[in-house]
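Heads up: the sequence shown at position 246 corresponds to 246 in UniProt numbering, and the numbers run straight through without jumps. The beta carbon of each residue, even a glycine, is placed where N, CA and C say it ideally should be. Here the structure is a predicted model, which is why all the values come from computation and not from measurement.
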Amino acid sequence: MASHTTLASPDSYSVAWIAALPIERAAAEAMLDEEHATPTGFIRHQSDTNIYTWGRVGEHNIVIVSLAAGVYGTTSATITASNLLASLRFIRIVLLVGIGGGIARPDEGRDIRLGDIVVSQPDGTTGGVCQYDLIKVKLDGKLEHKGFLRPPPEVLLKALAKIQAYHERKDSKVPYFLQQMLERNPKMGKRSKQNPGYAHQGLDNDSLFKASCDHVPGPDCRGCDTADQVQRDPRDTSDPEIHYGIIASGNMLVKDAATRDRIVANVGEDCICFEMEAAGLMNNFPCLVIRGICDYADSHKNDRWQRYASATAAAYAKELLEYVPAVEVQETKRALEVLESVQQQINGVQQTTAATKAATDSITSDLHTDKIKRWLCPPDPSTNANHARELRHEGTGAWLLEKNQIFQEWHSGSRRHLWLNGLAGCGKTILSATVLDHLAKRDDRLILSFFFDFSDTTKQTLDGMLRSLAFQLYQGGPGSANLLDASFKAHRDGHDQPATKALEDVVCKMLVIQKKGCIVLDALDESTTRVKLLEWMDGLVSRPELGDIQLICTSRPEHEFMRDIPSFIGEGNCLALDNEPVNADIRSYVTAQLSKRRDFLNKNLSQDLLEDILTKVGDGADGMFRWAFCQLDDLARCPHKSAIKKALESLPKNLEETYRRMIQRIPADLEKDAIRLLQFLVHSKRPLKLVEAKEIIATQIEYEPRGFDAERRLFCEMDVLKYCPSLATVVHSTDKEVHLAHFSVKEYLLGVNQFRVATASISITKTCLTYLTDIKGSCQEIKRNFPLARYAAKVWAGNAALAQASEDIVHTIVSFLEDEVTFQRWTRLYQGDKDWDDNPGPPRGSRLYYACFAGLIAPVQDLIGKGADV
1 MASHTTLASP DSYSVAWIAA LPIERAAAEA MLDEEHATPT GFIRHQSDTN
51 IYTWGRVGEH NIVIVSLAAG VYGTTSATIT ASNLLASLRF IRIVLLVGIG
101 GGIARPDEGR DIRLGDIVVS QPDGTTGGVC QYDLIKVKLD GKLEHKGFLR
151 PPPEVLLKAL AKIQAYHERK DSKVPYFLQQ MLERNPKMGK RSKQNPGYAH
201 QGLDNDSLFK ASCDHVPGPD CRGCDTADQV QRDPRDTSDP EIHYGIIASG
251 NMLVKDAATR DRIVANVGED CICFEMEAAG LMNNFPCLVI RGICDYADSH
301 KNDRWQRYAS ATAAAYAKEL LEYVPAVEVQ ETKRALEVLE SVQQQINGVQ
351 QTTAATKAAT DSITSDLHTD KIKRWLCPPD PSTNANHARE LRHEGTGAWL
401 LEKNQIFQEW HSGSRRHLWL NGLAGCGKTI LSATVLDHLA KRDDRLILSF
451 FFDFSDTTKQ TLDGMLRSLA FQLYQGGPGS ANLLDASFKA HRDGHDQPAT
501 KALEDVVCKM LVIQKKGCIV LDALDESTTR VKLLEWMDGL VSRPELGDIQ
551 LICTSRPEHE FMRDIPSFIG EGNCLALDNE PVNADIRSYV TAQLSKRRDF
601 LNKNLSQDLL EDILTKVGDG ADGMFRWAFC QLDDLARCPH KSAIKKALES
651 LPKNLEETYR RMIQRIPADL EKDAIRLLQF LVHSKRPLKL VEAKEIIATQ
701 IEYEPRGFDA ERRLFCEMDV LKYCPSLATV VHSTDKEVHL AHFSVKEYLL
751 GVNQFRVATA SISITKTCLT YLTDIKGSCQ EIKRNFPLAR YAAKVWAGNA
801 ALAQASEDIV HTIVSFLEDE VTFQRWTRLY QGDKDWDDNP GPPRGSRLYY
851 ACFAGLIAPV QDLIGKGADV
């Protein structure tokens with residue numbers, strides 16, 4: 001099993017798997033298809049004491065957690081789940097998987113046996129779990145069951161229906177998963193007196209006794225009267241059977257038949273299992289309960305079957321997840337949102353323990369933070385910083401941190417502000433991430449950051465930067481948080497968006513309260529609102545009340561910055577990045593790549609050739625990290641030594657020539673697809689997801705057979721990079737994204753005819769309309785099976801407005817709008833006047849209305865000419 005994969009964000013995990021006992025957790029971990037390291041950016045909430053296991057089952061990223069050792073019951077389960085949701089806000093479904101006591105009634109058709117699996121399923125009156133210790137005594141002395149608990153979320157109920165239907169026709173995969181578990185983990189199959197193992201314990205060790213028969217003291221039931229055994233029909237196999245129904249949950253361990261039967265009678269439900277944690281979750285969290293039967297909730301209970309029962313429950317949970325589409329999980333309400341709807345009820349329950357209340361209060365605060373985040377939609381700078389860290393060679397930037405006097409004076413506080421400027425490709429963003437990490441070692445100030453980014457329109461404006469800084473400040477302390485809360489309230493509790501000026505004011509006030517802090521701004525030259533940005537920076541540094549707020553920023557030495565920044569921070573605080581120390585970093589980077597990179601090691605290059613590469617690439621970069629990176633990539637692809645020597649003899653002189661050669665070297669059979677993909681990357685207003693890029697490649701518009709063909713989807717999604725090596729890169733954020741590798745790539749491509757707006761917009765429009773025409777299914781099926789659908793539905797019209805000079809495009813647009821199927825499909829995926837809505841429903845206007853709304857002048861004229869009702 002693969003291990004130690006690290007996902008880019010904890011937000012990638014949407015399924016929580018809760019186990020009460022260590023043996024249940026062991027079984028859960030053994031079912032993982034892949035084990036992960038702690039995800040990048042995971043921050044444990046202050047109230048959270050859980051220990052997590054991260055991994056993947058099928059297409060679901062899962063986090064596993066267990067209760068504290070030796071602590072059981074509904075309250076402990078609530079605390080564990082509350083702490084989990086405090087740290088992991090994007091959890092959408094919860095599985096409670098472990099062991100339970102079976103309520104076997106063979107004569108009534110409930111022939112439940114040890115090792116069998118019981119699954120909570122609503123019956124129309126309860127949600128699948130009833131809390132047996134929430135009973136009200138009525139005036140007539142009768143008992144009334146008060147513990148109605150919430151059903152599992154719809155996505156799990158649908159999966160239950162589907163798996164049950166499948167099991168009517170085919171065998172369960174549980175035995176296969178159990179065998180796989182033992183093969184992968186041989187120790188789990190070993191038996192000893194202390195540990196009977198995770199395998200089936202033998203039919204001879206499964207005896208159901210009459211309720212009137214008490215256990216004779218001893219380690220097993222050899223002393224119990226066999227005449228009191230309930231006779232059951234033999235089974236053809238020892239494979240576990242699966243039962244669906246009501247599970248009884250409470251804080252009392254049921255271990256005698258009289259108590260068991262009395263509780264079942266009082267509850268008044270057709271219960272099939274007892275357990276001790278589910279009631280702590282079901283009323284608050286979207287949860288499904290899966291139990292392996294380890295005893296019959298009577299005095300004959302022992303621990304022999306516990307491990308095997310843990311394994312059968314875990315194996316069923318794994319099989320069930322195969323029937324849960326990951327897309328539908330993402331469309332399910334987050335567990336936090338469900339919790340919010342019952343928050344008042346939770347706060348009013350007098351039996352809530354102090355620990356539960358503290359966790360609940362913490363979640364209430366986090367729910368409000370989520371509202372603030374949804375209101376601001378703050379761009380996340382950590383994705384840029386993390387990507388820079390991935391590219392950074394160890395020791396890069398040490399010359400600045402340790403030897404540069406100007407930086408050290410800034411770091412000590414004797415200089416308030418600092419501007420680092422350098423040419424394209426010299427490694428400024430990596431340097432910014434290095435500075436950020438260096439600052440994080442100090443805990444005497446709040447560190448704020450923002451990375452302007454040419455590939456993401458939300459990270460290109462002053463407004464986007466202010467939203468990000470405001471949210472970072474909000475998370476930094478209660479004093480400044482109150483100011484943003486007041487602004488949220490003033491904007492009708494987030495129903496209205498704040499103007500940029502309002503954001504400026506609130507950020508300034510929050511900084512004043514914060515008093516001591518540092519702001520790191522990277523790549524000012526990638527901002528599209530430079531004038532406003534420079535005005536804001538000028539205002540920031542000139543305010544006396546912000547005297548303890550330091551600023552460090554990076555950019556190219558372009559005209560606006562050279563003119564304005566020295567005027568408000570002082571010439572002495574402007575540091576041009578010197579080629580000499582940068583070249584030393586580049587040489588160190590090249591040396592490391594040659595000695596560690598597998599595609600160089602596998603070539604067994606001679607020392608002379610390695611020295612030649614180091615000299616010509618390491619010493620020839622002239623302060624341009626990006627140039628060196630590209631040349632190494634090119635050399636790594638050389639098939640033999642002669643090709644390397646030839647490449648070294650004719651290295652490109654600059655980045656422009658480097659990129660020109662890259663375009664020319666794209667193989668002919670990939671060229672059309674590569675150009676189309678690059679056109680999207682250059683002009684997309686947000687980063688493309690890797691799965692979207694696959695669909696673009698699978699959509700043929702240049703030659704026959706035209707259209708989208710699922711069989712043209714790449715086997716390996718990372719092969720997308722083979723179409724434009726060194727020009728694009730994959731960034732691991734919440735979703736894998738494809739970015740142009742550097743701002744200089746976009747600048748170069750925009751100067752090439754194929755990528756200019758007029759040409760590219762035609763290609764993008766054709767691709768989107770072709771894709772939307774060829775995909776099939778209901779709206780939900782399309783969203784699940786065709787990852788480019790909503791993006792294509794959203795962007796085609798904007799690109800079409802720029803491509804109307806093409807008569808061919810106008811004809812294609814009109815045909816698309818006139819076709820009832822494609823028009824309905826488009827508007828049900830996206831409507832421009834309902835941009836916020838993922839499910840806009842049927843069209844509310846005519847074809848002419850939507851064409852006018854999109855600014856499609858030529859198609860509008862065509863539609864009117866054909867008699868469209870004005």
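Once DSSP output is grouped into helix, strand and coil, what is the label at residue i?
| i | result |
| --- | --- |
| H368 | helix |
| A621 | coil |
| Q46 | coil |
| T237 | coil |
| L182 | helix |
| I18 | strand |
| G464 | helix |
| F274 | strand |
| T699 | strand |
| H387 | helix |
| T5 | strand |
| C852 | helix |
| L96 | strand |
| Y13 | coil |
Between which two residues does the beta strand (DSSP E) holding residue i run?
| i | result |
| --- | --- |
| K447 | Per the sequence presented here, residue 447 reads as Ile, with Lys not at that position. Segment 446–451, the beta strand (DSSP E) holding I447. |
| K501 | No beta strand (DSSP E) contains K501, which is instead part of the alpha helix (DSSP H) from 500–514. |
| residue 888 | Here the chain comprises residues numbered 1 to 870, so residue 888 is not present and cannot be evaluated. |
| K532 | Looking at the DSSP string, K532 is not in any beta strand (DSSP E); the run it does join, the alpha helix (DSSP H), is 530–542. |
| N61 | 60–66 |
| K866 | Counting along the chain, K866 falls outside any beta strand (DSSP E), and DSSP gives it neither H nor E. |
| N421 | 417–421 |
| R56 | 53–57 |
| R291 | 287–295 |
| Y244 | 242–249 |
| D522 | 517–522 |
| Q550 | 549–555 |
At a cut-off of 7 Å, would you count residue i as near the ligand PLP, judging by its Cβ distance to the nearest heavy atom?
| i | result |
| --- | --- |
| L670 | The model depicted lacks the ligand PLP and carries no ligand whatsoever. |
Count the other C-beta atoms from every protein chain shown that fall within 10 angstroms of the C-beta of residue i, then say buried if there are 16 or more, exposed otherwise.
| i | result |
| --- | --- |
| C716 | exposed |
| Y13 | buried |
| F853 | exposed |
| V757 | exposed |
| K210 | exposed |
| K138 | A caution first: K138 carries a pLDDT of 41, below 50, which makes its placement in the model too unreliable to give a value. |
| E24 | buried |
| M662 | buried |
| R291 | buried |
| P378 | buried |
| G348 | Because G348 sits at a pLDDT of 42, beneath the cut-off of 50, its placement in the model cannot be relied upon, and the following sentence gives the value as read from the coordinates. The residue is exposed, with fewer than 16 neighbouring Cβ atoms inside 10 Å. |
Residue range of the alpha helix (DSSP H) that residue i falls in?
| i | result |
| --- | --- |
| Q679 | 668–683 |
| Y323 | First-last for Y323: undefined, no H or E at that position. |
| Q164 | 154–169 |
| V814 | 807–818 |
| T658 | 655–664 |
| T434 | 428–440 |
Worksheet item: Does the segment 450–468 come close enough to the segment 599–612 that 3 or more CB-CB pairs lie under 8 Å?
Response: Output reads no: the segment 450–468 does not touch the segment 599–612.
Fill in: At least three beta-carbon pairs within less than 8 Å, the segment 759–778 to the segment 445–455
no
Worksheet item: Contact between the segment 37–47 and the segment 117–130: three or more CB pairs below 8 Å?
Response: no
Worksheet item: Taking only runs of the beta strand (DSSP E) that begin and end inside the segment 567–652, which ones reach a length of at least 3 residues, in chain order?
Response: 574–576
Item to complete: Just list the alpha helix (DSSP H) runs in the segment 748–805, keeping only unbroken ones of 4 residues or longer that don't cross its boundaries, in chain order.
Response: 757–774, 779–785, 789–802
Worksheet item: Below 8 Å, can you find three or more Cβ-Cβ pairs linking the segment 648–659 to the segment 686–706?
Response: no
Worksheet item: Quick check: the segment 422–436 against the segment 381–393, are there 3 or more CB pairs under 8 Å?
Response: yes
Fill in: Stretch-stretch touch, CB-based, cutoff 8 Å, three pairs: the segment 171–189 with the segment 235–244
Segments in contact, yes.
Worksheet item: Should the segment 571–582 be regarded as contacting the segment 539–546, the criterion being three or more beta carbon pairs within less than 8 Å?
Response: The segment 571–582 vs the segment 539–546: no contact.
Worksheet entry | Meets three-Cβ-pair contact criterion under 8 Å: the segment 721–729 and the segment 790–797 | no
Item to complete: Check whether the segment 695–713 touches the segment 665–679, counting contact only when three or more Cβ pairs, one atom from each stretch, lie closer than 8 Å.
Response: yes
Discussion item. Count Cβ pairs between the segment 635–647 and the segment 408–428 that sit closer than 8 Å; are there 3 or more?
Written reply: No, the segment 635–647 does not touch the segment 408–428.
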